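The structure appears right after this line, and notes come after that.
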Amino acid sequence: MKYFIILILFITILFAEDTITNQEQSYQLGNGMQVGELPLYVGGYFSLDYRYKDGENRYRIDDIAFLAYGGYEKISYMAELEYKEFYTLSEKDDAYTTQKDTRLHTERLYGDYNFNENYMLRLGKFNSQIGFWNLLPINVLRDTSSNPYTTDIIFPRFTTGLYAAYNSYNNAEIQIDLTIQHNEDLDPSYNNYTMDEHHSLGTTYTQENISLKASIGMFDKYTSTNTTQVLYYALVSLKYETEKFQFMSELGSQKSTQEYTTPYAFFAQGVYHLNQEHAGIIRLESYEDKVQNTQDNIAIFGYTYRPLYPIAFKTEYQFHKLQNENQFLFSWSVLF
Amino acid sequence: MKKFILIYLISHSLLIANEYAIVANKSIHEASLGQIKALFLKKSSYIKNKKVVPVNLSSRNPIRIHFEKHILHMSFNRLKSYWTKQHYLGHRPPISMKSQKSIKTFIKKVDGSIGYMELKNVDDELSILYKWSE
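Same order as they appear, the protein sequences are chains A and B. Sequential numbering of the first sequence, starting at 636, is according to our numbering. Sequential numbering of the second sequence, starting at 1295, is according to our numbering.
If you want it as structure tokens, here you go:
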């Protein structure tokens, strides 16, 4: 796999000159680059972060990822390979520990077939199309360094299987989507749940600046005792976006056949863009997780500076009801 | 007197208001504004079963900025962040051309192509899908 990436980078450099033919087609940070005249675009992203929590300093090279995508006629494809938590240095009471994960993970690998304006089919590994946050989950594209708990405990973040969508574009945009997984995960170590079955059904309604989305689903989670547990979930999402302001909120719940495993998980986030470079963020979260037996309320105050949109410097402070969870985060991320 | 001056100014500005049109190759006869928006944001590449090729003017062209404001309802900066997010999702922006003349020639030649220009530059060899004025 490493040789594959080296090959792509080599081809990119080799053909790079051909793509710079005029102002519109020249390379722009955050937009990737076409390889010659091929239906292949390459790019990537990385993020570095720092966290101070409960007396511990943690320095991390978190993501180093490579993207390759393209399309021809009705078919398109996407490949994303990533080093996750590549290098971590932690320090507490003058004791240092380091961790490395040099395995290249398959974050996304799928092909799309577009039948017409209304119908499309996807096969492979992809971000589960649940809610709004999980569609753009990488550090540089989200508003804070951290992810809301809602996006990590209610549903599997990745699905390996089939995704079908119906879209209608008239006065309002309507989407109905269906996800089916009935096989092992393409990269089981790189998902928040280990599972071999996932079904979901969702619908999205968008009118001008407002989008509403509702999803329901079930998945078969592997447990530590080598058995499986069937879990059901529901998530409703709201997004409102203008030039200056963005509001996003998601509310979810998860249950097993016997009881609620997560009775509720909720977040509401407002982002105010002071101008093109500076944004202030407030996020409120609350959840109850009966598997971990925790309940927490969180208030997050953040500030993001983007000298260019694909470059983000972010700081945030999290106030938790569980006081030893209070933390400060700083990250630097770039999409190229 | 002030009233007459105001009426004169308003009527005069209406008379000289620029008119624009979203035009397509003759193979395309109609499209809703929702469909047009989806095509230029690359949410869709089709009108019904027909493959469509949207064409933009270059990024700082005033007609493009006008089109983005009135049809896509998005500013230049918001579109920049939109296309950065689309890069992560594997979608590319529409191709761009430098002049209305180039777009006109392209649309006449290429089946399924769609673009926009000043109404005065449109002729019978193009389909008009939508018209608007300043």
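No residue lacks a Cβ here, since even glycine has one placed at the ideal position from N, Cα and C. Please read these numbers as outputs of a predicted model, since none were measured by experiment.
In the DSSP assignment, residue 702/A falls within the unbroken beta strand (DSSP E) covering 691-707. The three-state secondary structure of residue 1376/B, taken from DSSP, is helix. Residue 1313/B places its beta carbon 8 Å or farther from that of residue 1393/B. Shortest Cα-Cα distance from residue 881/A to any of 715/A, 753/A, 768/A and 963/A involves 768/A. A check of alpha carbon separations from residue 868/A across 786/A, 667/A and 878/A identifies 786/A as the nearest.
The distance from the Cβ of residue 1390/B to that of residue 1352/B is about 5 Å, consistent with a contact at the 8 Å cut-off.
Chain A has no Cβ within less than 8 Å of the Cβ of residue 1360/B. A distance below 7 Å between beta-carbons, with the five flanking residues on each side excluded, links residue 1413/B to the following residues of its chain, in chain order: 1313, 1314, 1315 and 1425. For residue 874/A, the three-state secondary structure derived from DSSP is strand.
Approximately 42 Å separates the beta-carbon atoms of residue 862/A and residue 808/A; this is outside 8 Å, ruling out the contact. Neighbours of residue 1364/B in chain A, taken as residues at a C-beta separation under 8 Å, are lacking, since the least C-beta distance is about 14 Å.
Residue 1344/B is not a Cβ neighbour of residue 1365/B, given a cutoff of 8 Å. Contact with chain B is absent for residue 788/A, since none of that chain's Cβ atoms lies less than 8 Å from the residue's Cβ.
Sequence-distant Cβ neighbours of residue 871/A in its own chain, meaning closer than 6 Å and more than five residues away, are 849 and 886.
Relative to residue 810/A, the option among 712/A, 846/A and 777/A whose CA is nearest is 846/A.
At least one CB atom of chain B sits nearer than 8 Å to the CB of residue 802/A. Taking 8 Å as the threshold, the shortest C-beta distance from residue 1414/B to chain A does not fall below it. Chain-order list of chain B residues neighbouring residue 881/A: empty, with the shortest C-beta distance near 10 Å, by a criterion of under 8 Å. Nearest CB-CB separation between residue 1340/B and chain A: below the 8 Å threshold. In this structure, the straight-line span from the alpha carbon of residue 1418/B to that of residue 806/A is close to 28 Å. Against residue 1424/B, chain A offers no close residue; the least beta-carbon distance is about 14 Å (beta-carbon pairs closer than 7 Å). Neighbours of residue 1323/B across chain A, judged by C-beta separation under 8 Å, do not exist; the nearest C-beta is about 15 Å away. In this structure, DSSP gives residue 909/A a state outside helix and strand, which the three-state scheme calls coil.
Within the region 1344-1376 of chain B, the complete alpha helix (DSSP H) segments at least 4 residues long are 1356-1361, listed from N- to C-terminus. Here residue 683/A is not near residue 1379/B, since their CB atoms are 8 Å or more apart. Within its own chain, the residues whose Cβ lies closer than 6 Å to the Cβ of residue 662/A, once the five positions on either side in sequence are excluded, are 668, listed in chain order. The beta-carbon of residue 1378/B is placed less than 8 Å from the nearest beta-carbon of chain A. Here residue 1320/B carries a coil assignment [DSSP, helix/strand/coil].
Here DSSP, grouped into helix, strand and coil, assigns residue 1399/B to helix. Contact annotation: the region 900-912 of chain A does not touch the region 796-803 of chain A, with fewer than three C-beta pairs closer than 8 Å.
DSSP lists 889/A as the beta-bridge partner residues of residue 897/A.
The C-beta of residue 968/A comes no closer than 8 Å to any C-beta of chain B.
Listed in chain order, the non-local C-beta contacts of residue 926/A below 6 Å within the same chain comprise 896, local neighbours out to five positions each way being set aside. Within the region 765-790 of chain A, the residues whose Cβ lies closer than 7 Å to some Cβ of chain B are 771, 773 and 776, listed in chain order. The beta carbon of residue 944/A sits closer than 8 Å to some beta carbon of chain B.
Distance from residue 680/A to residue 703/A at the Cβ level is roughly 13 Å; contact not present, criterion being Cβ atoms closer than 8 Å.
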